[in-house]
Amino acid sequence: MQDSRDFTLLLVVVLLIILIVLITAEWIWLNGYLKKRRSVEKAERGRYIKYYVGRGGTGFVGIHKHSLTIFIDTKKVKKIPYEKLYIYRTRNRFDFKDSAEPLTMTDRTYGVILSHADTKSFKHFIKENNLRLIQN
476 MQDSRDFTLL LVVVLLIILI VLITAEWIWL NGYLKKRRSV EKAERGRYIK YYVGRGGTGF
536 VGIHKHSLTI FIDTKKVKKI PYEKLYIYRT RNRFDFKDSA EPLTMTDRTY GVILSHADTK
596 SFKHFIKENN LRLIQN
């Protein structure tokens with residue numbers, strides 16, 4: 476009798492732990508999904524020729540006719556004209572600066588990690604507009 480109570484209690488505790496882990500995982504996924512949706516909505520409301528949304532809603536890059544605007548989580552970070560723009564690329568991450576100095580840790584805040592499809596499209600846009608791309 477005591478063994479069946481212990482087993483039932485153990486089973487209930489294990490099921491509660493699994494439930495908490497599943498709820499936490501769902502919340503984390505849903506949080507990223509909603510961030511991305513907010514980024515897309517903000518990008519569509521803007522007056523951009525094109526926009527490239529970061530993975531997991533980390534922000535987006537809005538393209539104007541003569542400048543590029545970087546957003547981190549729907550907040551405008553910086554607008555840089557093409558003639559002053561330097562783009563540093565590391566895999567799917569693009570960092571943007573208005574000078575040719577090497578990147579420092581504080582400069583990495585002006586970066587966006589793009590999806591694979593957006594990375595290819597953005598690289599094509601860079602070549603098309605003859606922008607300065609520095610690969611790390």
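Convert by adding 475 to the 1-based position in the sequence shown; the result is the number in my numbering. Glycine included, each C-beta is placed from N, C-alpha and C at the ideal position. Note that the structure is predicted; figures quoted are calculated from it, not measured.
Which residue's Cα is closest to the Cα of residue 568: 586, 553 and 554?
586
Quick one: give me the first and last residue of the beta strand (DSSP E) that residue 524 is part of.
No beta strand (DSSP E) holds residue 524; DSSP gives it neither H nor E.
Return the chain-ordered ranges of every beta strand (DSSP E) run that is complete within the stretch 526–584 and spans a minimum of 3 residues.
534–538, 542–547, 550–556, 561–565 and 568–572
Put residue 589 into one of helix, strand or coil per three-state DSSP.
Assignment of residue 589 by DSSP, reduced to helix, strand and coil, places it in the strand class.
Is it the case that the Cβ atoms of residue 589 and residue 507 are separated by a distance below 8 Å?
no
Nearest to residue 575 by CA position, among 534, 495 and 610, is which residue?
The shortest Cα separation from residue 575 among 534, 495 and 610 belongs to 610.
Pairing CB atoms from the stretch 515–524 with CB atoms from the stretch 532–539, are three or more of them under 8 Å?
Segments in contact, yes.
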